[in-house]
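Written out below as structure tokens is the structure these notes cover.
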Amino acid sequence: MPRITAARVIVTSPGRNFVTLKIETEAGIYGLGDATLNGRELAVASYLADHVAPCLIGRDAHRIEDIWQFLYKGAYWRRGPVTMPAIAAVDTALWDIKGKIAGLPVYQLLGGASREGVMVYGHANGRTIEETIDNALHYQEQGYKAIRLQSGVPGLASTYGVSKDRYFYEPADADLPTENVWSSEKYLRSVPPLFEAAREALGWDAHLLHDIHHRLTPIEAGRLGKDLEPYRPFWLEDATPAENQANFRLIRQHTTTPLAVGEVFNSIWDAKQLIEEQLIDYIRATVVHAGGLTHLRRIASFADLHNVRTGCHGATDLSPVCMAAALHFGLSVPNFGIQEYMRHTAETDAVFPHAYGFADGLMHPGDQPGLGVDIDEELAARYEYKRAYLPVNRLQDGTMTNW
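Note that the numbering used here gives residue 1208 to position 146 of the sequence shown, counting from 1, and the numbers run on in steps of one.
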């Protein structure tokens, strides 16, 4: 059996911070897992190094399920945004090891491919509707079948999803949180014209998505969904905070626009009511935040019973290790919907060389044994950790609100 001999945490910042767990075995085979929690990276790094790694030494790396249960039930303090990425990193690394030992890509261990590739969506954004549409056309020319649209809001200095670069967007932008000003009223007036222009420019075969980023009340989200129905969005993402899952009942009562939520979820319990009552159409939980491939597969299986498809989060705060795992997952599950894809910088790709690739709107994880991604530790060591916070939002009267 492949005994675990070491579990090391690697923190690197090639343009942004990443936390990676490297599990080594006595046979010389190692696996990688992503443990990045955007804006709170060192909390997970400490959890892993101080509390998880000592418990792994000497264990059989093949016993993925047993180790998952040990880390989840054995901690007593279950779930949460720090615990679950730590468990996810271990779980992902163990799947990587198992695939390398078997000589198979991880998706083959998960039942094999259910499709030829994983449809991904790119991010088109701009300060104005015209800029956003120009960028969307650029994505369409590259073969993207699905495109997320985000545009600046007239009267607001900044808004979520709008960057200075066509390809790269990193919201964690400062050593202390940047404070932005928000107005739902201004925002609600700006989105329908964006979609009207997009349909005129991109046609009706393009899948168009939009991220509200938890900023509306349920009734405001219902109104926006109804306003956008003539343009047939693929989904509205994170329409309202989902701590109270019943919020989505009110949205459902007012619109048939598909709903997606879950990038901040860390367990199946965060989505149980949403899925059981079919209050959403896509579940966006991802490998690193939701306990790894083992737990994310449980969420997907439960969702499949209720006609809910996957639409995993895939922003740049998920390292190429997580992206590779997400692609193996998406290729294998029967109820796959779509995968978010934000390109990493050249510096990040150099630290994390990988086998996955993009062609004609689809991505494939490749057929290397395991996840098909590695880490250049010597290069990673050159990029020291830099504290970086996500922004915060205030209403125009100064009240704190959701970012």
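For glycine and all other residues, C-beta sits at the position ideal for the given N, C-alpha and C. Source: prediction; values computed, not measured.
Check                                                                                                                 : Outcome
Buried or exposed (CB count within 10 angstroms, at least 16 for buried), residue 1127                                : exposed
Inter-stretch contact at 8 Å, needing at least 3 Cβ pairs: the segment 1287–1307 / the segment 1217–1235              : no
Contact under 8 Å by Cβ, residue 1428 with residue 1418                                                               : yes
Inter-stretch contact at 8 Å, needing at least 3 Cβ pairs: the segment 1365–1381 / the segment 1131–1149              : no
Reduced DSSP secondary structure (H/G/I, E/B, other) of residue 1241                                                  : strand
Nearest to residue 1244 (by Cα), restricted to the options 1276, 1187, 1254 and 1225                                  : 1276
Validate contact between the segment 1183–1192 and the segment 1219–1230 using beta carbons, cut 8 Å, 3 pairs         : yes
For residue 1169 and residue 1393, believed in contact at Cβ under 8 Å, the rounded distance                          : 5 Å
Alpha-carbon to alpha-carbon, residue 1455 and residue 1239                                                           : 10 Å
Residue 1416 vs residue 1377 beta-carbon contact at 8 Å                                                               : no
Three or more C-beta pairs below 8 Å linking the segment 1311–1323 and the segment 1331–1349                          : yes
Runs of alpha helix (DSSP H) wholly within the segment 1335–1411 (minimum 4 residues, chain order)                    : 1354–1367 and 1382–1394
Own chain partners of residue 1228 with C-beta closer than 8 Å, once the 5 adjacent residues on each side are dropped : 1197 and 1200
Beta strand (DSSP E) runs wholly inside the segment 1210–1272, at least 3 long, in chain order                        : 1241–1244
In DSSP terms, what residue 1425 is bridged to                                                                        : 1180 and 1420
Where residue 1284 falls, given that 16 or more other Cβ within 10 Å makes a residue buried                           : buried
Environment of residue 1210 [buried if 16+ CB atoms lie within 10 Å]                                                  : buried
Simplified DSSP assignment, three categories, for residue 1452                                                        : coil
Inter-stretch contact at 8 Å, needing at least 3 Cβ pairs: the segment 1074–1082 / the segment 1405–1412              : yes
Contact between the segment 1064–1072 and the segment 1113–1130 (3+ Cβ pairs under 8 Å)                               : yes
Residue 1335 versus residue 1092: straight-line alpha-carbon distance, rounded                                        : 38 Å
Bridge partner(s) assigned by DSSP for residue 1157                                                                   : Residue 1157 pairs with nothing; no bridge assigned.
Inter-residue spacing [alpha-carbon to alpha-carbon] between residue 1113 and residue 1161                            : 26 Å
Cα-Cα separation between residue 1071 and residue 1155, rounded to whole angstroms                                    : 12 Å
Separation of residue 1087 from residue 1395, as counted between CA atoms                                             : 29 Å
Residue interval of the alpha helix (DSSP H) (run including residue 1130)                                             : 1126–1135
C-alpha gap between residue 1267 and residue 1207, whole angstroms                                                    : 8 Å
Residue 1425 burial status per 10 Å Cβ neighbour count (16 or more: buried)                                           : buried
Residue range of the beta strand (DSSP E) that includes residue 1435                                                  : Segment: none, residue 1435 is in no beta strand (DSSP E) and carries neither H nor E.
Status (buried if at least 16 other CB within 10 Å, exposed otherwise) for residue 1138                               : exposed
Own chain residues within Cβ distance below 8 Å of residue 1132, not counting five before or after                    : 1117
Ranges of the alpha helix (DSSP H) found wholly within the segment 1065–1118, counting only runs of at least 4        : 1103–1108 and 1115–1118
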